[in-house]
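Residue 55 in this note's numbering sits at position 39 of the sequence shown, with consecutive numbering throughout. Think of the CB as a built atom: it goes at the ideal place given N, C-alpha and C, for glycine as much as any other residue. Everything numeric in this text was worked out from a predicted model, so none of it was measured.
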Amino acid sequence: MSIISVLDEQTSVGFTGKVNLLKKTDGQFLGAVSVREGSICFCNYAGKLGKKALITAIIHEMDNIIEVKTVIEPEVIEPQDGEFRFAIGDLKKRAAKELQKYKTLKKLRPPDHLTVMANIKIFDEASAMNYNNFLVLKSMTEFSKVEDIYKYTNLFEHEVTESLVTLRKKGYVNVVSKEIDQ
17 MSIISVLDEQ TSVGFTGKVN LLKKTDGQFL GAVSVREGSI CFCNYAGKLG KKALITAIIH
77 EMDNIIEVKT VIEPEVIEPQ DGEFRFAIGD LKKRAAKELQ KYKTLKKLRP PDHLTVMANI
137 KIFDEASAMN YNNFLVLKSM TEFSKVEDIY KYTNLFEHEV TESLVTLRKK GYVNVVSKEI
197 DQ
């Protein structure tokens, strides 16, 4: 049963607890979705938190990046444990919208082995910088491998791709190395 189907079923009965997301092949813990009184209220998955984590898990499942097994675990979820309230209908709409963006930008994703670096010499105060571009540049202060930038930036994959492409076109990001680590 898909993540969306399980969440649909659990929210319809007013479930409170966690839906654990496990790798189907070996049962490895990937993350969990917290549900309180039939509303989705928190998620952690693949190093991401919140709504982005939940939608990333759904996209990964729908794009066959990973096969997920769900384990339902009734548990007390305190009001302060929730970060948001997400109705299942809203989740389905948002996931469909983000999946479409993901599929459109997937072909533009740079290879994981590339090493990139911000070109700070051309920054000026007048240049417009959106929040996603800022987050990508911020993670580039710690990580230079494209793979790590995707992994540690709390954005959807397609948002990171879009930012990297935009920043590269503007000259704010340079490719430093194209070598594959052996």
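Which residue marks the beginning of the beta strand (DSSP E) containing residue i, and which one marks its end?
| i | result |
| --- | --- |
| residue 201 | This structure cannot speak to residue 201, because the chain is shown only from 17 to 198. |
| residue 73 | Run containing residue 73: none in the beta strand (DSSP E); it sits in the alpha helix (DSSP H), 67-78. |
| residue 188 | That residue, residue 188, is in no beta strand (DSSP E); it is neither H nor E in DSSP. |
Using the DSSP secondary-structure output, state which residues sit across from residue i in a beta bridge.
| i | result |
| --- | --- |
| residue 34 | 50 and 89 |
| residue 61 | 47 and 64 |
Taking only beta-carbon atoms, is residue i less than 8 Å away from chain B?
| i | result |
| --- | --- |
| residue 66 | In the structure shown, chain B cannot be found, because there is only a single protein chain. |
CA-CA distance, residue i and residue j?
| i | j | result |
| --- | --- | --- |
| residue 3 | residue 70 | With the chain covering 17 to 198 only, the question about residue 3 has no answer from this structure. |
| residue 161 | residue 111 | 28 Å |
| residue 178 | residue 96 | 34 Å |
| residue 93 | residue 51 | 7 Å |
| residue 198 | residue 41 | With a pLDDT of only 49 at residue 198, under 50, the local geometry of the prediction cannot be trusted, and no value is derived from it. |
Could you give the C-beta distance for residue i and residue j, rounded to a whole number, given that I count them as a contact under 8 Å?
| i | j | result |
| --- | --- | --- |
| residue 66 | residue 99 | 5 Å |
| residue 53 | residue 86 | Not confirmed; about 19 Å, so no contact. |
| residue 49 | residue 35 | 4 Å |
| residue 149 | residue 183 | 6 Å |
| residue 104 | residue 23 | 6 Å |
Of the residues the options, which one's Cα is nearest the Cα of residue i?
| i | options | result |
| --- | --- | --- |
| residue 79 | 178, 155 and 18 | 18 |
| residue 121 | 41, 174 and 21 | 174 |
Ends of the alpha helix (DSSP H) at residue i?
| i | result |
| --- | --- |
| residue 27 | 19-28 |
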